[in-house]
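Going by this note's numbering, the sequence shown opens with residue 22, and the numbers climb by one from there.
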Amino acid sequence: MELIQASARCNNHCVFCAQEGLGEEKFAKDENDLLQKTLAAVRKNPRIAFVGGEPTLHPGLIKAVSAAKEGGALHILIQTNARRLAYPAFAESLKNAGANALDISLQGSTPAMHDYHTRISGSWAQTVLGVKRAKKIWLTVGISTVITRSNFRHLSEIARLAHHLGAEGFHLNLAAAYGEAAKSWARVVPSPEMVRPYLEEAVRVSKNLGLSLMVLGRAFSDEARDLFAGIGLYEIGTNSSPRRKSGSIYSLDEMGTVPISRPKPGLGERRGPPKTGEELKKLFPEIFTGAELPGGKP
Ligand code: SF4
């Protein structure tokens with residue numbers, strides 16, 4: 022899938038947002054720039070995704086989607102927090118222009134859990150309404166959740182909510198110490214050891230519900246690959262400026278090499294050194310061997 026970086030702006034302000042500090046120059050400057058970037062992307066690959074920031078805030082999005090469709094795009098995905106989709110006229114214009122799928126960021130099974138992450142009161146209600154509007158007009162929906170210290174015990178509940186809302190897929194990835202999360206690493210990034218049982222349970226529940234899954238950067242099916250544009254689109258550099266790598270997402274393997282500026286432990290908290298890729302392989306062997314996570318058959 023070819024990614025188009027539409028807008029650096031966002032109407033959420035997530036505690037883990039990896040876009041912080043990326044710089045506006047990576048994104049489409051104006052409507053014409055977005056149009057040109059879109060047409061160039063379609064020439065490379067008929068499967069495209071508009072990513073951000075929040076692509077729905079770009080004033081040229083509808084026109085660019087329409088041009089992509091006319092230019093031969095076969096699959097047009099929008100990575101979004103879906104808050105603008107709560108407005109029926111906008112949702113319909115996106116669909117009519119040719120978008121067929123949404124990768125929607127949902128960080129909690131309750132308003133309090135989600136709004137804590139986005140730091141925007143009322144964002145859960147708007148996102149959930151956006152999902153409902155999207156399903157009403159037959160857009161395909163995948164739900165993306167970043168696993169943090171504040172939601173890792175509720176991943177199965179988020180999977181159930183995603184299914185209840187009509188989503189076809191569920192994407193789980195660990196928060197990493199980039200952007201906003203780097204500022205408050207100790208309260209945002211969870212311990213992989215603690216996440217593991219909840220992640221396994223969420224995978225089991227999602228399979229039972231028939232959701233297409235992408236977990237820690239690994240798609241469980243082709244359908245899942247088409248539903249998600251990725252979270253944290255970085256290549257891990259050797260300095261403190263991670264570089265963007267188009268079309269890929271960070272993996273557990275890379276997490277051990279993330280250049281982390283760690284805050285001092287607070288309130289007597291003690292943490293060990295960052296995990297290396299090899300150490301993480303021992304913790305999550307199934308993911309690295311290609312076998313499915315344990316947890317029962319659908
Ligand atoms: S993570 Fe996504 S929804 Fe949240 S602030 Fe960043 S771009 Fe916006």
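Built from N, CA and C at the ideal position, the CB exists for glycine as well. It should be emphasised that the depicted structure is a prediction, and the values quoted were computed from it without experimental measurement.
Residue 161 - containing beta strand (DSSP E), residue span: 161-168
Stretch pair the region 129-142 + the region 184-193: three plus CB contacts closer than 8 Å: no
Inter-stretch contact at 8 Å, needing at least 3 Cβ pairs: the region 205-221 / the region 43-63: no
Paired residues, beta bridge with residue 23 - DSSP: Its beta-bridge partners are 69.
Heavy atom of the ligand SF4 within 7 Å of residue 75 beta-carbon: yes
Any non-hydrogen atom of the ligand ATP closer than 7 Å to residue 26 Cβ: Of the ligands one can find in the structure shown, namely the ligand SF4, none is the ligand ATP.
beta-carbon residue 40 near the ligand SF4 non-hydrogen atom, thresh 7 Å: yes
Beta strand (DSSP E) segment containing residue 51, residue limits: Where residue 51 is concerned, there is no enclosing beta strand (DSSP E), given that its DSSP letter is neither H nor E.
Anticipated Cβ contact below 8 Å, residue 148 with residue 104, distance rounded: 6 Å
Test item: CB-CB of residue 73 and residue 29 under 8 Å: Yes, they are a contact pair.
Residue 64 classed as buried or exposed, judged by whether at least 16 other C-beta atoms fall within 10 angstroms: exposed
As assigned by DSSP and simplified to three states, the class of residue 59: The three-state reading of DSSP puts residue 59 in helix, counting H, G and I together.
Contained alpha helix (DSSP H) runs [length at least 4] in the region 214-256, N- to C-terminal order: With a minimum length of 4 residues, the continuous alpha helix (DSSP H) runs that stay inside the region 214-256 are 243-248.
Residues bridged to residue 96 [DSSP beta-bridge criterion]: 68
The ligand SF4 heavy atom lying under 7 Å from the CB of residue 102: yes
Backbone CA spacing between residue 79 and residue 299 [nearest angstrom]: Whole-angstrom Cα-Cα distance: 41 Å.
Beta-carbon spacing of residue 3, residue 122 below 8 Å: Beyond the ends of the chain as shown, which are 22 and 319, falls residue 3; an answer cannot be given.
Selected residue, minimal CA-CA separation from residue 128, among 66, 95, 101, 113: 101
Distance cut-off 7 Å: residue 142 Cβ against heavy atoms of the ligand SF4: no
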